[in-house]
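The sequence shown begins at 823 in the numbering used here and counts up one residue at a time.
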Amino acid sequence: QVQLVESGGGLVQAGGSLRLSCAVATSIFSITTMGWSRQATGKQRELVAAISGGGTINYLDSVKGRFTISRDNAKNTVDLQMNSLKPEDTAVYYCNVRTIIGAIYWGHGTQFTVSS
């Protein structure tokens, strides 16, 4: 059963914008933090942005001022608006959520490439 579905990947030129969306299955209860991580080829996965249930947001330093995370609790979605994209943003992006009991769910990932 697919529980997190990402969309919005593709190819974009440097300096461009892209929006990633993640739909979370309603079968996942008591979600606290929602976030986006990424993994570039040959690198470890890193947390890009996270937003708590109370609205506290954290960003990876390299994306601050360029990326914006948002969530819609009514729709069970979390989005990542990415502006001023750089080639180093190229990666597979994964949506993830954490529940109140500490369970973490991951999406399958969506790839996008920033061309220089």
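Ideal placement from N, C-alpha and C gives every residue a C-beta, glycine not left out.
- In this structure the region 886-899 does not lie against the region 824-837, because fewer than three pairs of beta carbons, one per stretch, are closer than 8 Å.
- Ranked by Cα distance from Asp883, the options Phe934, Gly876 and Val870 are led by Val870.
- The shortest CA-to-CA distance from Arg920 to any of Leu907, Thr854 and Ser843 is the one to Thr854.
- When DSSP states are grouped into helix, strand and coil, Ser884 belongs to the helix group.
- When the Cα atoms are used, Arg841 and Gly929 turn out to be separated by approximately 16 Å.
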